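Read through the structure below, which is laid out as structure tokens, and then see the notes.
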Amino acid sequence: MPEGDSAWRAAHHLGRALADRTVERFELRVPAHATADLRGERIAGADARGKHVLLRIGRFTVHSHFGMDGSWRLVPPGEQDAAGRVAGAPPPLTGRTAQRGAASSGSQTGPDAADNTSRARRGAARSASQARPGAAGSASRARPSARLQRGPSTGWPAAHRIRAIIGTDAVIALGIDLAVCDLWPTADEHRHLGHLGPDLLTDAPDLDEAARRILAEPDRPITGALLDQRNVAGLGNEYVTEMCFLRGALPSRTVAEAGDIGEWLALGRRLLLANRDRVERTFTGDLHDGAWVFGREGLPCKRCGAIIEAGEHDSGYRGAERRDSSWCPHCQR
Ligand SMILES: [Zn+2]
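Its first residue numbered 0, the sequence shown is counted upward by one per residue in numbering that gives the first Met the number 0.
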């Protein structure tokens, strides 16, 4: 699923393809911005903040968040038809589109409450008060062996999956299955994203500040603390699950029990940096089998052979959010 590395890579490719070009086609297929029109404006470039992608056009920013299934895709201008279908499209810029059966509903999902894997996997919200629209039921559970298969997308995106079309004379960017797609005055970016903690993929993230924020809640599970984008930006459930294995800690460990928080953050940054240019995310070094524990419940641990366990635990987010995780009962304590 898309995490900070996916957003970074999407912004990198969008910026490289679109910067300094003039917008010739502009459609945001979301009700709030359906009439927005930035044709004729110059594209300044693109940037990522945590799991958010920012495409700056004129005085405005197209803000997107991938949620569970989103991606940006670049296509040549000649390969679209009237319905917005695109032939022969290259792989999506996330490169991480799992082969899920159902298209995302595309509703907004409150991205910074940490991504919502467990609820989507169960396919039902626990209660109306906890439910966020669109979070439930959209992503079918992939088989564990297929979880990390992120090959190029095949087929055309159906028109209803396209949330944004930003066309230039040279290339068209399609926002597909975006969980969030907004248009902001660029001057307001900070108002929308100022709550984010230090971004692990910036050149010199303030890891001390991230550690300070995490350590402010010592009784919270380390998983929830790392997933909370207000503490540190860029990590999702796949990263945090793998980080727990690499640190030898059960996902239920609290911040106080988790050891040196600076080492957790440095590990997260190392993994994100190592993966941000890769199409296939890996934590093991093996591009075809990249997970130690994520999505491997019931399979033998690659290190010790014990059977990987899985379950949900309290992430500590707002006191109620439950998370799916998996772990080796022997390697993690
Ligand atoms: Zn093990």
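C-beta: ideal position from N, C-alpha, C; glycine also.
These numbers come from a predicted model, not from an experiment.
query: If we count Cβ pairs, one from each stretch, closer than 8 Å, do we get three or more for the region 249-259 versus the region 64-77?; result: no
query: Measure the CB-CB distance between residue 296 and residue 328 and report whether it falls below 8 Å.; result: no
query: Closer than 7 Å to a non-hydrogen atom of ligand 1 - does that hold for the CB of residue 302?; result: yes
query: Residue range of the beta strand (DSSP E) that residue 161 falls in?; result: 161-166
query: In this structure, does DSSP put residue 239 in helix, strand or coil?; result: helix
query: Just to confirm my understanding: we take residue 166, look at its own chain, exclude 5 residues before and 5 after, and list those with CB closer than 6 Å. What are they?; result: 23 and 24
query: Given that a residue counts as buried once 16 or more other Cβ atoms are within 10 Å of its Cβ, and exposed if not, what is residue 333?; result: Lying before the first or after the last residue shown, residue 333 is absent from the chain, which here runs from 0 to 332.
query: Cα separation between residue 319 and residue 227?; result: Low confidence applies to residue 319: its pLDDT is 44, below 50, so where it sits in the model is not reliable enough to give any reading.
query: Identify whether residue 201 lies in helix, strand or coil by the three-state DSSP scheme.; result: coil
query: For residue 208, does the count of other Cβ atoms within 10 angstroms reach 16, so buried, or fall short, so exposed?; result: exposed
query: Is it the case that the CB of residue 243 approaches a heavy atom of ligand 1 more closely than 7 Å?; result: no
query: Helix, strand or coil for residue 309? Go by DSSP, reduced to three states.; result: strand
query: I'd like to confirm the pairing. Which residues does DSSP put opposite residue 323 in its beta bridges?; result: 311
query: What runs of the alpha helix (DSSP H), each 4 residues or longer, lie entirely inside the region 217-285?; result: 221-226, 236-246 and 260-274
query: Would you check if the distance between the CB atom of residue 199 and the CB atom of residue 271 is smaller than 8 Å?; result: yes
query: Is the closest heavy atom of ligand 1 to the C-beta of residue 305 under 7 Å?; result: yes
query: Going by CA-CA distance only, name the one from 173, 244, 60 and 290 that's closest to residue 188.; result: 60
query: Is residue 12 near ligand 2, with its Cβ less than 7 Å from a heavy atom?; result: Absent from the structure shown: ligand 2. Ligands present: ligand 1.
query: Closer than 6 Å by C-beta to residue 281: which residues in its own chain qualify, once you throw out the five before and the five after it? Chain order, please.; result: 289
query: Decide if residue 284 is buried, meaning its Cβ has at least 16 other Cβ atoms within 10 Å, or exposed.; result: exposed
query: With hydrogens ignored, establish whether the beta-carbon of residue 189 is closer than 7 Å to any heavy atom of ligand 1.; result: no
query: Would you say residue 40 and residue 233 are within 8 Å of each other, going by their C-beta atoms?; result: no
query: Check whether the region 272-279 touches the region 240-256, taking contact to mean three or more Cβ pairs, one atom from each stretch, closer than 8 Å.; result: no
query: On the CB-based measure, 16 or more other CB atoms within 10 Å of its CB, does residue 268 come out buried or exposed?; result: buried
query: Which of the three DSSP states, helix, strand or coil, is assigned to residue 55?; result: strand
query: Tell me, please, which residues DSSP counts as bridged to residue 295.; result: Bridge partners of residue 295: none, in fact.
query: Determine the contact status of residue 360 and residue 292, defining contact as a CB-CB distance below 8 Å.; result: Residue coverage of the chain in this structure runs from 0 to 332, which leaves residue 360 outside it and unanswerable.
query: I'd like to check one pair, residue 217 with residue 324: are the Cβ atoms closer than 8 Å?; result: no
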